[in-house]
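Protein chains: 2
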Amino acid sequence: MGSRERRTRERAETRQRILDAARKLFVRKGVEATTMRAIANEIEYTPTAIYHHFASKHELLLELCNIDFRALAAAFLRIGRVDDPIERLSRIGEAYVDFALEHPMQYQLLFMTRHPDVSRAREHVRGDPTEDAYAFLRDTCADVIATGRLRGEFGDPEEVAQMAWASLHGLIALHIIKEDDPWIEWRDVRRTAARMGESLIRGMHRMPGVE
Amino acid sequence: MGSRERRTRERAETRQRILDAARKLFVRKGVEATTMRAIANEIEYTPTAIYHHFASKHELLLELCNIDFRALAAAFLRIGRVDDPIERLSRIGEAYVDFALEHPMQYQLLFMTRHPDVSRAREHVRGDPTEDAYAFLRDTCADVIATGRLRGEFGDPEEVAQMAWASLHGLIALHIIKEDDPWIEWRDVRRTAARMGESLIRGMHRMPGVE
DNA sequence: GCGCTGACTTAACACTGTTAGGTTTTTCAG
DNA sequence: CTGAAAAACCTAACAGTGTTAAGTCAGCGC
Chain A
1 MGSRERRTRE RAETRQRILD AARKLFVRKG VEATTMRAIA NEIEYTPTAI
51 YHHFASKHEL LLELCNIDFR ALAAAFLRIG RVDDPIERLS RIGEAYVDFA
101 LEHPMQYQLL FMTRHPDVSR AREHVRGDPT EDAYAFLRDT CADVIATGRL
151 RGEFGDPEEV AQMAWASLHG LIALHIIKED DPWIEWRDVR RTAARMGESL
201 IRGMHRMPGV E
Chain B
212 MGSRERRTRE RAETRQRILD AARKLFVRKG VEATTMRAIA NEIEYTPTAI
262 YHHFASKHEL LLELCNIDFR ALAAAFLRIG RVDDPIERLS RIGEAYVDFA
312 LEHPMQYQLL FMTRHPDVSR AREHVRGDPT EDAYAFLRDT CADVIATGRL
362 RGEFGDPEEV AQMAWASLHG LIALHIIKED DPWIEWRDVR RTAARMGESL
412 IRGMHRMPGV E
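Chains as they are written, first to last, in my numbering: chain A, 1 to 211; chain B, 212 to 422.
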């Protein structure tokens with residue numbers, strides 16, 4: 001006995017090797033530019049072998065996205081329950097920017113590419129803050145609102161969350177897309193992000209002088 | 212004589228027909244999903260005929276981007292010289308959001324796709340606000356700073372412009388990418404954009420109560 | 001020993017952007 | 001009016017893509 005176990009373990013290992021090779025090439029060359037043949041070559045298999053583990057190139061990509069979504073949610077969870085929700089919100093922002101700057105290619109896959117099915121594939125973890133980074137953000141925004149420190153018009157956690165997310169995403173995304181565009185003299189992303197976050201929060205605050 | 216003129220006119224006409232067909236299909240199906248054969252078929256030509264007018268599919272795409280960049284700059288120019296620079300800034304924001312919502316596919320091509328050469332192709336209009344929408348924005352931010360109404364740390368027009376641009380871009384881009392994502396209950400983009408813009412300006416303002 | 005399962009390969013398909021080489025029409029100098 | 005050149009366009013093909021149908025072949029339970 002035990003040989004059956006070995007078989008499934010070996011299967012899982014080659015599956016993992018495919019994922020690793022695909023990630024490496026996707027990150028280095030981009031998704032469009034890496035071919036199934038290149039991935040297969042990387043692990044010394046035939047292209048068709050991949051299809052015994054993933055239904056298509058797209059499904060392979062989705063699996064990688066799934067892993068990264070979990071990684072981001074884990075990074076948020078590590079922030080934990082900081083008492084002041086506004087402080088927690090800005091920590092979330094920092095973690096988000098860190099993630100984006102450390103893994104720009106993954107960031108592009110998660111937030112700058114349209115895959116109508118990746119969210120459907122993760123439907124079961126929706127709303128669970130340990131798996132769903134957006135839920136963690138929204139809950140924190142709700143806590144911020146609950147302190148009563150925001151102006152009256154900012155009473156919708158969903159909308160506040162979308163504003164916070166959008167401002168950081170915009171900065172990161174533009175920076176990635178227009179990185180080596182000579183037209184724009186980019187400032188340091190982390191610094192601009194921090195200033196933008198502070199301004200946004202101050203602008204929503206009831207008493208903008210006080211923090 | 213004049214037949215030579217007719218020839219060049221006819222050439223320009225087919226070139227335009229190619230552009231129109233390409234735009235139509237790019238917008239409807241997306242760039243990757245539309246083939247040169249489909250574009251050719253649309254205007255009842257052979258695929259190779261296109262190559263007598265554009266060197267490649269990519270060059271065809273770049274030409275379309277060029278046209279749209281000019282259209283956006285023209286929309287900004289139509290705002291004109293509103294006296295109050297803060298008022299002008301928020302008008303720019305409105306025009307930007309309008310452009311994005313009216314032409315989401317074009318928006319994706321211009322600001323959500325990486326083409327390292329489109330900016331090089333437009334190098335000659337760089338800094339000219341009649342052709343360069345970013346320059347128009349930056350100049351307006353400089354005017355806002357010059358009023359002395361912003362806090363001391365917001366003295367860099369480039370950085371302020373990037374913050375303003377980023378916040379709106381983020382909202383639009385996320386909305387396009389995650390449009391039919393069931394996880395996020397999107398609010399009305401124009402309303403959220405307006406609130407975000409107001410908050411950001413108020414947060415940068417020296418006297419946040421006053422406008 | 002024997003059939004069977006399952007990992008993997010070979011060969012091919014339909015499709016993509018692109019090109020070499022031809023055909024046909026139009027232009028224009030002599 | 002003629003003949004050469006040019007331009008617009010087409011036919012056929014190439015190399016490369018994701019993907020699949022039809023194998024091969026090792027190792028397992030009976």
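The C-beta atom is built at its ideal place from N, Cα and C for all residues, glycine as well.
Contact check, residue i vs residue j, beta carbons under 8 angstroms
i: B:Pro-419; j: A:Arg-202; result: yes
i: A:Arg-206; j: A:Arg-149; result: yes
i: A:Leu-168; j: B:Gly-304; result: no
i: A:Ser-199; j: B:Leu-348; result: no
i: A:Ala-100; j: B:Ala-384; result: no
i: A:Ala-166; j: B:Met-407; result: yes
i: A:His-53; j: A:Ile-18; result: yes
i: B:Glu-342; j: B:Ala-284; result: yes
i: A:Val-82; j: A:Arg-91; result: yes
i: A:Leu-25; j: A:Thr-14; result: no
i: A:Met-163; j: B:Met-323; result: no
Cutoff 7 angstroms; reference residue i; Cβ partners in own chain excluding five residues on either side
i: B:Ile-448; result: This structure cannot speak to residue 448 of chain B, because chain B is shown only from 212 to 422.
i: B:Trp-397; result: His-386
i: A:Ala-95; result: Ala-75, Phe-76, Ile-79
i: B:Ala-233; result: Ile-250, Leu-271, Leu-275
i: B:Gln-319; result: Ile-387
i: A:Pro-157; result: Arg-138, Cys-141, Ala-142, Ile-145
Spatial neighbours of residue i in its chain, beta-carbon cut-off 6 angstroms, leaving aside the 5 residues before and after
i: B:Met-316; result: Val-238
i: A:Glu-42; result: Ala-21
Beta-carbon neighbours of residue i, restricted to chain B and to distances below 9 angstroms
i: A:Leu-174; result: Phe-322, Gln-373, Trp-376, Ala-377, His-380, Gly-381, Ala-384
i: A:Arg-187; result: Asp-367, Glu-369, Glu-370, Gln-373
Chain-ordered chain A contacts of residue i [CB-CB under 7 angstroms]
i: B:Asp-391; result: Pro-116
i: B:Thr-403; result: Glu-159, Gln-162, Met-163
i: B:Ser-330; result: Asp-181, Pro-182, Trp-183
Residues that residue i contacts on chain A, provided the C-beta gap is smaller than 8 angstroms
i: B:Leu-411; result: Ser-167, Met-196, Ser-199, Leu-200, Gly-203
i: B:Ile-388; result: Phe-111, Met-112, Thr-113, Arg-114
Closer than 7 angstroms at the beta carbon, the chain B residues around residue i
i: A:Tyr-134; result: Trp-394, Ile-395
i: A:Arg-70; result: Here the premise fails: no neighbours, minimum Cβ distance about 14 angstroms.
Close Cβ partners of residue i (< 8 angstroms) along its chain, the five nearest in sequence each way excluded
i: A:Ala-121; result: Leu-62, Asn-66
i: B:Arg-248; result: Pro-258
i: B:Phe-365; result: Ile-356, Val-371, Met-415
i: A:Pro-129; result: Ala-73, Phe-76, Leu-77, Ala-135, Phe-136, Asp-139
i: B:Ala-223; result: none
i: B:Gly-338; result: Ala-346
i: B:Val-336; result: Glu-342, Asp-343
Partners in chain A for residue i, counting only beta-carbon separations shorter than 9 angstroms
i: B:Glu-305; result: In chain order: nothing, as chain A lies at least about 16 angstroms away.
Problem set entry | Cβ contact check for the stretch 277-288 of chain B and the stretch 253-266 of chain B: 3 or more pairs under 8 angstroms | The stretch 277-288 of chain B is not in contact with the stretch 253-266 of chain B.
Problem set entry | Stretch pair the stretch 189-196 of chain A + the stretch 108-125 of chain A: three plus CB contacts closer than 8 angstroms | No, because fewer than three Cβ pairs between the stretch 189-196 of chain A and the stretch 108-125 of chain A fall closer than 8 angstroms, the two stretches do not touch.
For this session: Return the chain-ordered ranges of every alpha helix (DSSP H) run that is complete within the stretch 12-61 of chain A and spans a minimum of 4 residues.
Result: Every alpha helix (DSSP H) stretch that sits fully inside the stretch 12-61 of chain A and reaches 4 residues is listed by chain position as 36-42, 47-50.
Problem set entry | Completely contained alpha helix (DSSP H) runs for the stretch 281-336 of chain B, where each covers 4 or more residues | DSSP runs (the alpha helix (DSSP H)) wholly in the stretch 281-336 of chain B: 296-313, 315-322, 329-332.
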